[in-house]
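There are 4 protein chains.
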Amino acid sequence: MTKRIPRDKHNDHSEAMAAERRQFASETTGVKFEHLSHYAFTPELTAGNIENFIGVAQVPVGLAGPLLVNGEHAKGEFYVPMATSEGTLVASYNRGMRLLHQAGGATVSVVDDAMQRAPVFIFDNARAARDFGEWIKANFEQIKQQAETTTSVGKLRDIEQYAAARMRYLRFNFTTGDAAGQNMVGKATQAACEWMQSKYQGSCRYMLSGSMDTDKKHSQLNTLHTRGKRVIAEAIIPNAIIEQVMGVSSATLFKARFISQVGSFMAGSVNTGAHSANGITATFIATGQDAANVAESSSGIVYVDLHDNGDYYFSITLPSLIVATHGGGTGLPTQQECLSLLGCNGPGKVYKLAEIIAATVLAGELSLMSAVLAGDWVSSHDALGRNR
Amino acid sequence: MTKRIPRDKHNDHSEAMAAERRQFASETTGVKFEHLSHYAFTPELTAGNIENFIGVAQVPVGLAGPLLVNGEHAKGEFYVPMATSEGTLVASYNRGMRLLHQAGGATVSVVDDAMQRAPVFIFDNARAARDFGEWIKANFEQIKQQAETTTSVGKLRDIEQYAAARMRYLRFNFTTGDAAGQNMVGKATQAACEWMQSKYQGSCRYMLSGSMDTDKKHSQLNTLHTRGKRVIAEAIIPNAIIEQVMGVSSATLFKARFISQVGSFMAGSVNTGAHSANGITATFIATGQDAANVAESSSGIVYVDLHDNGDYYFSITLPSLIVATHGGGTGLPTQQECLSLLGCNGPGKVYKLAEIIAATVLAGELSLMSAVLAGDWVSSHDALGRNR
Amino acid sequence: MTKRIPRDKHNDHSEAMAAERRQFASETTGVKFEHLSHYAFTPELTAGNIENFIGVAQVPVGLAGPLLVNGEHAKGEFYVPMATSEGTLVASYNRGMRLLHQAGGATVSVVDDAMQRAPVFIFDNARAARDFGEWIKANFEQIKQQAETTTSVGKLRDIEQYAAARMRYLRFNFTTGDAAGQNMVGKATQAACEWMQSKYQGSCRYMLSGSMDTDKKHSQLNTLHTRGKRVIAEAIIPNAIIEQVMGVSSATLFKARFISQVGSFMAGSVNTGAHSANGITATFIATGQDAANVAESSSGIVYVDLHDNGDYYFSITLPSLIVATHGGGTGLPTQQECLSLLGCNGPGKVYKLAEIIAATVLAGELSLMSAVLAGDWVSSHDALGRNR
Amino acid sequence: MTKRIPRDKHNDHSEAMAAERRQFASETTGVKFEHLSHYAFTPELTAGNIENFIGVAQVPVGLAGPLLVNGEHAKGEFYVPMATSEGTLVASYNRGMRLLHQAGGATVSVVDDAMQRAPVFIFDNARAARDFGEWIKANFEQIKQQAETTTSVGKLRDIEQYAAARMRYLRFNFTTGDAAGQNMVGKATQAACEWMQSKYQGSCRYMLSGSMDTDKKHSQLNTLHTRGKRVIAEAIIPNAIIEQVMGVSSATLFKARFISQVGSFMAGSVNTGAHSANGITATFIATGQDAANVAESSSGIVYVDLHDNGDYYFSITLPSLIVATHGGGTGLPTQQECLSLLGCNGPGKVYKLAEIIAATVLAGELSLMSAVLAGDWVSSHDALGRNR
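Keeping their order, the protein sequence lines are chains V, S, X and Z.
One gets our numbering by counting positions in the first sequence from 1 and adding 11 to each.
One gets our numbering by counting positions in the second sequence from 1 and adding 11 to each.
One gets our numbering by counting positions in the third sequence from 1 and adding 11 to each.
One gets our numbering by counting positions in the fourth sequence from 1 and adding 11 to each.
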C-alpha cells in the first residue's frame with residue numbers, strides 16, 4: 012500500500028506535525044534529518060508560506076559591500092546579504108562594488124511599476140472582439156472600480172489590448188504597494204472580468220489567463236512593458252580606474268561590447284548583460300523574495316557609451332524585477348533580518364529595495380567584465396585590443 | 012571614514028570571523044542577528060560555497076508526494092522536498108502529483124546533455140573566419156584532447172560554429188558527469204583556445220565568451236540546442252480522471268490550449284507552459300542547485316494531444332535544465348539530506364535527479380491547469396466549453 | 012577611367028535619357044535589351060517612382076478566384092491578380108479560394124491601423140529620460156498639432172514610450188489615409204521632435220529613428236502593436252468539405268496543428284502559419300505595393316478551433332500588413348489596372364484592399380494545409396491520423 | 012450563377028487563352044487592360060511560372076552603380092538593376108555605392124549554403140523519438156543516398172535534429188546548385204522519409220514539414236543555421252571619407268550604433284541593420300528571384316568596429332539570402348537581361364549573384380546611415396555628437 016503524508020493536514024504547522032512528517036519521510040527513505048530540522052523559530056511562523064512543512068533549507072549568506080547607491084530611495088552605503096552556495100560569487104560582487112565605489116557609486120532609478128494578470132475574452136469573430144475592445148475603453152473607470160473592490164492596496168493603472176483571431180487579450184496593469192502582488196492582481200482582475208462579462212451586451216466568455224501575463228517566465232512583452240519594477244542602474248567610470256583595475260582601456264571595453272552584442276543577437280538571448288541572475292537570485296533568497304521570479308527578473312539590457320574624455324558610461328536596465336517588502340517570504344525570521352540590514356523592513360521600502368538590488372546587479376556586471384578582460388577569462392595575448 | 016568588512020579575510024570561514032562580520036554589520040546597521048546565525052553546522056563547511064560568510068538564510072521546506080516516476084533512472088515513488096516561502100505552492104504540486112499518480116505516473120527521459128562555454132575568435136575579415144572554421148573541423152580531435160587535459164570528468168562532445176562579420180562564434184559542448192560544470196568547461200575551453208591560437212597559422216584573437224553560452228540567461232539557442240539536461244516528462248491522462256478532478260472534458264482542455272499558445276506567441280514568451288519555474292526553483296533550493304540557473308532552466312515547451320479515446324497526452328520539454336549532484340551547494344548539510352530523500356546523493360545520480368525534477372514540473376503544470384479550468388481562475392460560466 | 016551613368020540626371024525620365032542609359036549599359040556589359048525596354052507607357056510616368064530609369068521588369072500575372080469575401084469594406088466575389096514567377100502558386104491559391112467559397116467565404120476585419128516613426132531622445136541619465144516621458148504625456152496635444160502641420164492626411168494617434176538606460180524611445184503612431192505613409196510620418200515626426208527639443212527645458216538630443224519603428228524588418232513589437240493594418244481573416248469550414256477535399260477529418264487537422272506549433276516555437280519563427288508571404292508578395296507586386304514591406308507584412312498568427320459539430324474554425328491574423336491605394340507604385344499603369352480589377356482604385360479603398368489580401372492569404376493557408384494532408388507533402392501511410 | 016475562369020485550363024499559356032481570361036475579367040469587373048497585356052514575349056514562355064496567365068506587371072527598373080565588389084566570385088565593377096516603384100531608393104543605393112567605391116569597395120564572402128525541408132517524426136513517447144535520432148545518425152549515408160535518388164543536383168549535407176515531446180524534428184540541409192531549391196529538397200526529403208519509415212523497426216509516422224524549415228518566414232533558426240546563402244559584406248571606410256560625406260566622425264557613428272542596438276533588442280527586431288529588404292527586393296524582382304523569399308532574406312546582422320586610426324569597419328551578415336540563377340523566374344525575358352547585366356546568367360553564377368546582392372545591401376546601409384546622420388533624418392543640433 013502506498014504510504015502517504017496525511018493529506019488533510021497540509022496546513023498543520025505545529026512542531027508535532029512537522030516531526031511526524033519527518034518521521035514518515037525517514038521511515039520511507041531511510042534518511043535521518045539532523046539539519047533540516049534545525050530551525051530557529053517555531054514552525055507556526057511558516058503558516059501561509061508552506062504546506063507539509065518539514066524543516067528549513069539552510070543557504071549560506073555572505074555580506075558584500077559597501078555598495079554606494081545614489082538612488083531616489085536608497086541613498087548612501089549598503090551592505091548586501093547574498094544567499095548562495097556558489098563560491099566566488101560574493102567575492103566577485105564585492106569587487107564590483109569596490110570599483111563602483113571608486114567611480115562615485117551607482118545612480119539608480121525606478122522608471123516603471125506594474126504587476127499583471129492577463130485574461131483573454133473569446134467571441135464569435137474578430138469584429139465582435141474588436142467591438143469589445145472599444146467597450147473596455149469606454150468603461151475603464153467602472154472596470155477599475157470593480158477591480159479595486161477586492162483590494163485596499165492594488166490600483167488598476169491601465170489595460171493593454173492585443174488582438175488575434177476572435178480573441179481579445181487583455182493585460183491589466185496594477186500597482187501593488189509593498190507586495191509583489193501576483194495574487195492581489197489575480198483576484199482584482201477576476202472581479203473585473205466577472206463584472207465585464209455580466210455587463211457586456213454581446214456574447215462573451217473568458218479565461219483568467221491568456222498567457223500574456225507572463226507569470227514565471229520571460230517574455231519580450233515584459234522587456235517592452237515592464238513586469239514588477241523597471242529599474243535602471245547607471246555609472247560613469249573614469250578611464251583611469253578601468254585601466255588600473257582591468258588593465259585595458261575603456262575604448263577597448265567599448266569595442267568588445269559589440270562582439271558580445273552580435274553573439275547575444277544570434278543566440279536570441281533575453282539579456283545583453285553578463286549574469287544579472289546571480290545577484291538577483293542571491294539577494295532574492297536572502298530577503299525572502301519569490302526566487303521563482305528569477306525567471307522574469309533575469310532579463311536585462313546593457314547599454315554603454317564612451318565619453319570624449321574616456322569615461323565609460325555603463326548601465327543595466329532591468330525591465331521586470333519583481334520585488335516585495337511585504338508578503339510572501341519577507342516576513343520570515345532570517346529574511347526580516349536581511350531586509351533590516353538594508354533598511355528595507357517596514358512599509359514604503361519596496362523601491363528602495365529595488366534600487367539596491369539593481370545597483371548590486373550593476374556591480375556584478377562590472378566585476379565580471381573586469382575579470383574577462385583582465386585575463387581570467389581571456390587570452391593573454393590581448394584578445395581585443397591589439398591594433399583596433 | 013568608510014567602514015569595511017576585512018577585505019583580506021573573505022575566505023576565512025571560522026566561527027570567530029563570522030561573528031566578527033555580524034558584529035560589524037550590527038554596529039553599522041543596528042540589526043541584531045538571532046536567526047541568520049542559527050546554523051546547524053560549523054561555518055568551515057561552507058568554504059568553497061561563499062565568501063564573507065555571516066550566517067544562513069532559512070527557507071521553509073515542504074514535502075510533496077508521492078510522485079510516481081517512470082524514468083530510466085528514477086523509478087517508483089518519490090517524496091519531493093520543496094523549499095519555498097510562497098503559500099499554496101507545495102499544496103498545488105501535491106495535488107498535481109496525486110492526479111499524475113492516478114494516471115499511472117510520469118514517463119520521463121533525458122534526451123540530451125551538454126554544458127557550454129562559447130568563445131569567439133576574431134579575424135581580419137569574414138573569409139579568414141570561415142577558413143578558421145574549416146581548420147577547427149579538421150583538428151577537432153586535437154582540440155578535444157587539449158580541452159580534456161584540464162579535467163578528468165568533462166568530455167568535449169562537439170563544437171558548434173556560428174558566423175557573423177569577421178568573427179567565428181564557437182559553442183563548445185561538454186558532458187560534465189555529476190557536476191553542472193560551468194567552471195569545468197570554462198577551464199577546458201580556455202585551454203583549448205590557447206592551444207588553437209598558438210597552432211593556427213593565421214592571425215587570431217579571441218574572447219572566452221562571445222555571449223552565445225548563454226550563461227545565466229535564457230536564449231532561443233538553449234531551447235534549440237540544450238543547456239544542461241534536456242528532459243521530457245510525459246503523461247497520458249484518461250478523460251474520466253480529468254472530468255472527475257477538473258470538471259471539464261479533455262477535449263475542452265485541448266481546445267483551450269490553443270488560446271494560450273496564441274497569447275504566448277504574441278507575448279514572445281520563452282515557455283509555453285504555465286509555471287515550471289515554481290517547481291524548479293523549490294527543488295533547486297532544497298537540493299543545493301544554483302538557483303540563479305532558474306534563468307535558463309525555466310524555459311519549457313508544452314505539447315498536448317487528444318487521443319481518439321479521449322485520453323489526454325500532456326508533456327513538457329525542459330530544454331535547459333541545469334542540475335548537479337556534485338559540487339556547488341549539493342554537499343551542504345540540509346541540501347545533502349534533501350538529495351538523500353530522493354536517493355540522489357552519491358555518484359551517478361544526476362539523470363535521476365533531472366527526471367524527478369521534470370516529473371515534479373509536470374505535476375505542477377497539471378495542477379495549475381486543473382485549477383484554472385475548475386473555476387479557481389476562471390469564469391463560472393464555463394469559460395471555454397459552451398458551444399464548442 | 013571608370014565609366015559612369017550621368018550622375019546629375021538621375022531624375023531625367025525622358026525616353027532619350029532612358030535609351031542613353033541602356034546604351035551605356037549595353038556598351039559596358041555587352042547585354043542587348045529587347046524586353047526591358049518594352050514598356051507600354053512613356054517613361055515620364057515613372058517620375059517619383061524610380062531614378063536612373065532604364066526599363067521595366069515584366070512579372071507574369073495570373074488570375075485567381077473567385078474569392079468570396081465577407082468584409083466590412085470588401086463584399087462579394089473578387090478575382091485576384093497575382094504577380095509571380097513561381098509555378099503552382101496561382102493554382103494553389105485558386106484551389107484554396109474554391110474551398111473557401113464552398114465554406115461560405117472569408118470573414119475579414121481590419122482591427123487596427125498605425126504607421127510609425129520611432130525617434131529616440133537621449134539624456135544625461137535615466138531619471139531625466141523618465142521626466143521627459145511625463146512631459147510628453149502632458150503635452151501630447153501640442154505635439155500632435157506640431158506633427159500634423161506637415162500633412163493634411165496623417166493623424167497622430169498616440170505615442171508609445173519605452174525606457175532603457177538614459178534614453179527614451181518613442182513610437183509615434185499615425186493613421187495615414189490611403190497611403191502606406193512611411194515618408195509622411197517621418198516628416199511629421201521630425202517636425203514634432205524639433206518642436207519638442209526646442210520647448211523642453213531639459214537638455215535633450217534625439218535621433219529620428221531609434222530602431223523601434225521597425226521599418227523594413229519584422230519585430231515582435233510589430234506583432235504586438237501593429238504596423239500598417241492589423242487584419243484578421245476567418246472561416247468556418249464544415250468537416251464534410253474538409254474530408255471531401257483533403258481526405259482527412261477536421262479533428263486530424265486540428266491535432267496536427269499542435270505539432271506545427273511546437274516546431275514554430277522551437278525555431279523562433281515569426282509566423283505560425285504556412286506561407287502568407289506568397290500571397291502577399293504576389294498581390295503586392297501586382298497592385299503596386301512596396302514589395303520590400305513583405306519583410307514586415309509576412310508575419311502572421313494562425314489560430315484554429317474545432318467546434319463540437321466538427322466544423323473547423325481557421326483564422327490568420329496579419330499584424331503588420333502594409334498596404335496603400337495611393338502613392339508609391341499604385342499609380343503606375345499595370346498596377347492601376349490590377350487595383351481596378353479589385354475595385355480598389357480611387358480614394359477610400361485601402362481597407363478594402365487589406366481585406367482582399369488577407370482573404371487571399373487565408374485561401375493560401377487552406378490550400379497548402381490541404382496539400383500537406385492530402386498526400387502531396389506527406390507520407391501515404393496516414394501521417395497523422397492513425398490512432399490518435 | 013458564379014462566373015468562373017475555365018478551371019481545367021490553368022496551364023493553357025496560349026495567347027488566345029490569355030485574351031479569353033482578360034475578356035472574362037473585363038466583363039466581370041469593367042476594367043480595360045491596355046498595359047497588363049503589353050508584354051514583349053509570347054505567353055507560352057511563362058509556362059511553369061504562372062497559371063491563369065493574363066499579362067504582366069511592369070515594374071520600373073533603375074540602374075545603380077558602379078558597385079565595386081571584391082568577392083571570391085564577383086570581382087570588379089557592376090551596374091545593378093533595381094526594380095522598384097519607391098522613389099529615391101535607386102538614388103540612395105547609388106549614393107552608397109559611390110561611398111563604397113571611394114572606400115575601396117565591398118569585400119563579400121559566401122560562408123554557408125543550405126536549403127531545407129524539415130520533416131517531423133512522431134512516436135509513442137520521447138524515448139522512442141530519441142532512439143530514432145540515434146538510428147538516423149547511424150544510417151545517414153543510406154538516407155543521403157535515398158534523398159539524392161530524386162535529384163542530380165541536390166546534395167544532402169547533414170540532418171539537424173531537435174527534440175520536443177514525442178517528436179523528432181529534423182532539418183535536412185541540402186546544397187542545390189544554381190537553383191534556390193525549395194521544391195528539389197522537398198522531393199528529396201520525402202523520398203528519404205518514405206525510406207526511413209519503411210526501414211525503421213519502430214512505429215513511426217511523419218509529416219513532411221514540422222514547421223522548422225522555416226519556408227517563407229523568418230526564424231531565429233535561420234539566423235543561426237542559414238537558409239539559402241549566408242553572405243557577409245564588409246568595408247573599411249576611412250574617417251576622412253565619413254566626415255566629408257556625412258559631416259560627422261566615425262567615432263560618432265560608432266557610438267550612435269549602440270543606441271540603435273538597444274532599440275532593436277527591445278523591439279525584438281530580426282535585423283539590426285536599417286533596410287536590407289529594400290536592396291534585396293529590388294534586385295530580386297529585377298533578376299527573377301522569388302520575391303516572397305524577402306520574408307526570410309530580409310534578416311541581417313550589422314557589426315561595426317572603430318579602428319585605432321579612425322577607420323570605420325562596417326559589415327552586414329545576411330544569414331538567409333535565398334537566390335538562384337536557374338529555375339523560377341530567372342529564365343524570363345527581362346529577368347535574363349538583368350542577370351546578364353550582372354554577368355550572372357548561365358551555370359555556376361549563383362554565388363556571384365549572392366555576392367553582388369550583399370554588396371548592394373551594404374551600399375544601402377551606408378547610404379541610409381549617411382542620410383540619418385547628415386541631417387535628413389535627424390535634428391540639426393548635432394543629435395549625437397555633442398559632448399560624447
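C-beta: ideal position from N, C-alpha, C; glycine also.
By the DSSP assignment, the alpha helix (DSSP H) with residue 144(X) in it spans what residues?
137-149 is the extent of the alpha helix (DSSP H) around residue 144(X).
Counting C-beta neighbours from all protein chains within 10 Å, is the total for residue 272(S) 16 or more, i.e. buried, or is it exposed?
Buried.
Going by beta carbon distance, what residues of the same chain come within less than 6 Å of residue 285(V), once the five residues before and after it are set aside?
Counting only Cβ-Cβ distances below 6 Å, and skipping sequence neighbours, we find 376, 379.
Under 7 Å, CB to CB, which of the residues in the region 184-197 of chain S have a partner in chain X?
Those would be none; no residue qualifies.
With 7 Å as the C-beta to C-beta threshold (strictly closer), list the residues of the region 307-320 of chain S near chain Z in chain order.
Cβ contacts with chain Z come from 312, 314.
Using the Cα positions of residue 28(Z) and residue 56(Z), report the straight-line distance between them to the nearest angstrom.
Straight-line Cα distance between these residues: approximately 14 Å.
From the DSSP output, which residues share a beta bridge with residue 116(Z)?
DSSP lists no partner for residue 116(Z).
Helix, strand or coil for residue 111(Z) per DSSP?
Residue 111(Z) falls in the helix class under three-state DSSP.
Between residue 277(Z) and chain V, is any beta-carbon pair separated by less than 8 Å?
Closer than 8 Å: yes.
For the region 160-176 of chain X and the region 101-119 of chain X, state whether three or more C-beta atom pairs, one from each stretch, are separated by less than 8 Å.
Verdict: no, contact absent.
Residue ranges of each alpha helix (DSSP H) run of no fewer than 4 residues wholly in the region 188-235 of chain Z, ordered along the chain?
If we require 4 residues or more, the alpha helix (DSSP H) runs fully inside the region 188-235 of chain Z come out as 193-210.
Output the boundary residues of the beta strand (DSSP E) element that contains residue 88(Z).
Looking at the DSSP string, the run of the beta strand (DSSP E) that includes residue 88(Z) is 86-94.
Using the three-state DSSP reduction, which class does residue 100(X) fall into: helix, strand or coil?
Three-state DSSP puts residue 100(X) in a helix.
Just the chain Z side, please: which residues come within less than 7 Å of residue 173(S) by C-beta, in chain order?
Result: 235.
What span of residues does the alpha helix (DSSP H) with residue 328(V) cover, start to end?
That residue, residue 328(V), is in no alpha helix (DSSP H); its beta strand (DSSP E) goes 323-332.
Just checking: is the beta-carbon of residue 71(X) within a distance shorter than 8 Å of some beta-carbon in chain Z?
Taking Cβ atoms only, chain Z reaches closer than 8 Å to residue 71(X), which makes this a yes.
What residue from 324(Z), 64(Z), 50(Z) has the CA that sits closest to residue 400(Z)'s CA?
No statement about residue 400(Z) is possible, as the shown extent of chain Z runs from 12 to 399 and does not include it.
Give the straight-line distance between the Cα atoms of residue 282(V) and residue 44(Z), rounded to the nearest whole angstrom.
About 55 Å.
List, in order along the chain, the chain S residues whose C-beta lies closer than 9 Å to that of residue 294(X)?
By Cβ distance, chain S contributes nothing, its closest Cβ being about 25 Å from residue 294(X), past 9 Å.
Out of 67(V), 323(V), 209(V), point me to the one whose CA is closest to residue 267(V)'s CA.
Closest option to residue 267(V), Cα to Cα, is 323(V).
According to DSSP, is residue 387(X) part of a helix, a strand, or is it coil?
Caution is warranted here: a pLDDT of 41 is assigned to residue 387(X), below 50, making its placement in the model unreliable, and the coordinate value is therefore given only provisionally. The answer is coil: DSSP assigns residue 387(X) none of H, G, I, E or B.
Could you check which residue in 335(S), 315(S), 176(S), 200(S) has the C-alpha nearest to that of residue 264(S)?
Of the candidates 335(S), 315(S), 176(S), 200(S), the one whose C-alpha sits nearest the C-alpha of residue 264(S) is 315(S).
Exposed or buried, what is residue 187(X) when buried is set at 16 or more other beta-carbons lying within 10 Å of its beta-carbon?
Flag for residue 187(X) reads buried.
Kindly list, in the order they appear in chain S, the residues whose Cβ is closer than 8 Å to that of residue 136(Z).
Neighbours of residue 136(Z) on chain S, chain order: 118, 120, 245.
Are the region 332-339 of chain Z and the region 64-76 of chain Z in contact at 8 Å, needing three or more beta carbon pairs?
No, the region 332-339 of chain Z is not in contact with the region 64-76 of chain Z.
Could you compute how far the alpha carbon of residue 16(X) sits from the alpha carbon of residue 32(X)?
Cα to Cα, the separation comes out at about 7 Å.
Find out if the Cβ-Cβ distance for the pair residue 88(V), residue 79(V) is shorter than 8 Å.
Against a cut-off of 8 Å, the Cβ pair of residue 79(V) and residue 88(V) comes out as a contact.
Can you give me the start and stop residues for the alpha helix (DSSP H) that residue 26(S) sits inside?
Element bounds for residue 26(S): 26-40.
With distances taken between CB atoms, is the gap from residue 71(V) to residue 95(V) smaller than 8 Å?
Yes. Within cutoff.
Assign residue 305(V) to one of three DSSP states: helix, strand, or coil.
In this structure, residue 305(V) counts as helix in the three-state DSSP scheme.
Report the three-state DSSP secondary structure of residue 55(S) (helix, strand or coil).
Of the three classes helix, strand and coil, the one that applies to residue 55(S) here is helix, per DSSP.
Which term fits residue 374(V), buried or exposed, when burial requires 16 or more other beta carbons within 10 angstroms of its beta carbon?
When all chains shown are included, residue 374(V) counts as buried.
Could you tell me the boundaries of the beta strand (DSSP E) in which residue 170(V) lies?
Start and end: 166-175.
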